[in-house]
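The numbering used here puts the first residue of the sequence shown at 5, with every later residue one more than the last.
Ideal placement from N, C-alpha and C gives every residue a C-beta, glycine not left out.
Predicted model only: the values in this text are computed from it and were never measured.
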Amino acid sequence: MAGIQLKVIHRKASLKQPKNMCGNTNALRVTIAVWLLQVIATCAQNSVCQNLAASPTLTMFVDQLPIPPAIHLTNATLSVGAFKINQKLHRDLPPTTLYAYGQTISDAMYPAATLEARRNQPAHVYYTNNIAGPHILPIDRTIHWANPLHGGVPIVTHLHGAEVQSYSDGHPDAWFTQNGDHGPTYTTQNYTYPNAQNPTMLWYHDHVVGITRLNVLAGLAGLYMLRSDQDQCLTDLFPYGQFEIPIVLKDLQFWSNGSINFPNIGDSPATHPQWCPEYFGDTIVVNGKAWPTLTVHPRCYRFRFLNGANARFFNISMSNPRLSFTKIATDGGYLPPGQSQVVKSLMIAPAERVDVIIDFKNLTPGSVVYFNNSAPAPFPGGGFNPPQTNSVMQIKVAAWPSGTTNFGNSSTDVMRCVNQASSGYFPSRDFNGSLHRYLTLQEFDDANGSPIVSLLGNKTWNDPVTELPRVNSTEVWEMINLTPDAHPIHTHLIHFQVLNQQPFDTTGFSAGTCNITIPFGQSGTCFTGPPIAPAIYQTGLKDTAIVWPGNVTRYGMTFRSASGGPFVFDPTTEPGYVWHCHILDHEDNDMMRPYKVLPAV
């Protein structure tokens, strides 16, 4: 097989203008007016990329951990709107202006209400946009973005991890505004979720081309629980909000007035005036509160983690060495029966989910446990790690109220329910003879070494589609990471397995002096070691997984339902699907690619 050729591209910064702007003076006036309003709003407090002014000092563990309310989906259509709200994120911080989902502005919040769905019971959601512009965060207009003709804040909602027809997938170009502007792939605001896949925790979040990082950071995100009869035993043992605790992780930085401190001066301002390669905040926010506290009783609890941060990785551990996490599920659902993992830490990249059991039965009332974080930022190199970001939240163990007769179930009962829930949800897959695609992850810098663009396969979002798998086919996508960062690569529509990862000579590969298709140990190979089995945090069915720098990470892709059967919809219809880095600052510029599924042969 011929070696892969690496083409280096160079870009010049240019201010993108609305189409036909010169022939439409009204559009020109609107665009200039919106831009000036944004400049006035953001220039009052300059904020430099990765050199932000520190947040006000906030006392940790004074706010109770909020639990988002649950909405049970039925056959009726649920209307979900995006609103501009003010919400208290800490006792000592003024309310913060956010964007949030809700049925009305009065119940909109971050995180949004948890949507509860049942397997094989389709759900219908109608999304509305109630946000008037300008955006509360700085928009960098030198990167490709929605750029609505009449201003406003565009939105489009993606149900992350869902098996859905592409018109309901939240395609980045299917955005719409309050003013009635639409993106080029917009068809409807009525989305159908078949819910035919494995039971698991998904999440819904904004996905507009070029400003996903802004809309998600501003608060457009919520959880989506897909349950089934087969895991009802676990649902009964761990009622939501009582003994099943959702944990949505995020990092933010604040001004003293409570507003979000987001850079309006980029890392390479001559190229991108506002774009920052990664946003890292100095305050850890869990379920919409900075460093909250949770009271538990001495029994087993189920914690369902989501890393909802823009760029920060989390490596969560507990301060009490007697405690462990029993990991039972990941992005795509339960681990196979008997394969739950007892671990001391949870590595969670942006967009990944982890489902764990923690047993507090052996702790005496009055005990205090802390969730801590040891992941450097950026990951894995570090450099932006204020010490307070090592703390996440507090857990206090309280005595059972007098008269309590049910003290929780034994670990044996819990694992019996876990094995029952996971049975039959992990069909075997064989990737021998599969088509292999070789896909590079690249960053390009300016003359000062500052990143100015990130690409997949050396192509931009607007380049023609190059990944065209067929229904029912299996493929191996070889992610070739040439960058110094770890990237959480997410695929829409399907769940994959991480097959292995393998270190290679990035310099030789880029220079074309070695070949990535020659096995390790043979002359001319780029590989510097043999394939390595997936790390424990890469196991199970995944829709997002970490691709380490200097490694080729192999995704085993199956283009049919993760449950093993066919899709219950046609995945070949327009506008198609996408795959991208879930460091949202990378995704927006320009580390996202479209792909389309072709009919089976």
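Beta-carbon separation (whole angstroms), residue i vs residue j, contact threshold 8 angstroms
| i | j | result |
| --- | --- | --- |
| His164 | Trp465 | That belief does not hold up - the Cβ atoms of His164 and Trp465 are roughly 18 angstroms apart, past 8 angstroms. |
| Val213 | Asp177 | 6 angstroms |
| Ser170 | Thr557 | Between Thr557 and Ser170 the Cβ distance is about 26 angstroms, and since that is not below 8 angstroms, they are no contact. |
| Gln506 | Ile536 | 7 angstroms |
| Phe508 | Asn555 | 7 angstroms |
| Tyr208 | Gly226 | 5 angstroms |
| Ile456 | Leu298 | The Cβ separation is near 42 angstroms, so there is no contact. |
| Asp547 | Gly336 | 6 angstroms |
| Pro72 | Thr118 | 5 angstroms |
| Thr181 | Pro152 | 5 angstroms |
| Glu248 | Arg303 | So it is not a contact: roughly 12 angstroms between Cβ atoms. |
Heavy atom of the ligand FMN within 8 angstroms of residue i beta-carbon
| i | result |
| --- | --- |
| Ser349 | Annotation note on the ligand FMN: not contained in the displayed structure, which lists no ligands. |
Inter-residue Cα distance where the pair is residue i and residue j
| i | j | result |
| --- | --- | --- |
| Gln278 | Leu238 | 46 angstroms |
| Pro390 | Phe284 | 10 angstroms |
| Gly245 | Trp179 | 33 angstroms |
| Val252 | Ala127 | 23 angstroms |
| Trp295 | Thr511 | 42 angstroms |
| Ser426 | Ser321 | 25 angstroms |
| Gly223 | Val605 | 43 angstroms |
| Thr61 | Phe317 | 23 angstroms |
| Tyr599 | Ser477 | 14 angstroms |
| Leu141 | Pro267 | 9 angstroms |
| Gly262 | Arg122 | 38 angstroms |
| Ser378 | Ser395 | 9 angstroms |
| Leu218 | Cys585 | 15 angstroms |
| Val601 | Glu482 | 18 angstroms |
| Met596 | Thr189 | 16 angstroms |
| Gln107 | Val84 | 5 angstroms |
| Gly156 | Gln193 | 17 angstroms |
| Leu41 | Pro138 | Residue confidence for Leu41 is low, a pLDDT of 40 falling below 50, so the modelled location carries little weight and cannot support an answer. |
| Glu591 | Ser458 | 8 angstroms |
| Thr81 | Ala200 | 18 angstroms |
| Ser349 | Val551 | 19 angstroms |
| Asp434 | Phe531 | 24 angstroms |
| Ala313 | Cys518 | 37 angstroms |
| Ala610 | Met205 | Summary: the structure shown does not reach residue 610, with the chain confined to residues 5 through 605, and so no result is reported for it. |
| Ile583 | His494 | Checking the displayed sequence, the identity of residue 583 turns out to be Trp instead of Ile. Rounded to whole angstroms, Trp583 to His494 spans 6 angstroms at the Cα level. |
Minimum C-alpha distance to residue i - residue among the options
| i | options | result |
| --- | --- | --- |
| Pro369 | Asn202, Pro273, Val358, Val401 | Val401 |
| His301 | Ala86, Asn410, Ser110, Val480 | Asn410 |
| Asp417 | Phe571, Lys92, Gly155, Asp363 | Asp363 |
| Asp450 | Asp271, Asp240, Val480, Val346 | Asp271 |
| Leu97 | Asp67, Ala86, Thr78, Tyr195 | Asp67 |
| Pro99 | Gly106, Ala86, Met113 | Met113 |
| Pro341 | Gly428, Asn194, Gly155, His211 | Gly428 |
| Asn90 | Pro115, Asn519, Ala57, Thr470 | Pro115 |
| Asn291 | Asn311, His276, Tyr305 | Asn311 |
| Ala150 | Ala58, Gln526, His175, Phe448 | His175 |
| Gly569 | Tyr130, Thr101, Glu167 | Glu167 |
| Asp574 | Asn452, Phe65, Arg474 | Arg474 |
| Trp404 | Val582, Lys365, Asn202 | Lys365 |
| Asn376 | Ile352, Gly385, Pro382, Ile361 | Ile352 |
| Val289 | Phe258, Pro281, Ile269 | Phe258 |
Residues bridged to residue i (per DSSP)
| i | result |
| --- | --- |
| Gln3 | Nothing can be reported for residue 3, as the shown portion of the chain is limited to 5 through 605. |
| Asn641 | Outside the shown range of the chain, which is 5 to 605, sits residue 641, and nothing can be said about it. |
| Trp481 | Arg441, Tyr559 |
| Asp210 | Thr161 |
| Tyr374 | Gln398 |
| Trp295 | Trp295 pairs with nothing; no bridge assigned. |
At least three beta-carbon pairs within less than 8 angstroms, the stretch 322-331 to the stretch 128-141: No: fewer than three Cβ pairs fall under 8 angstroms.
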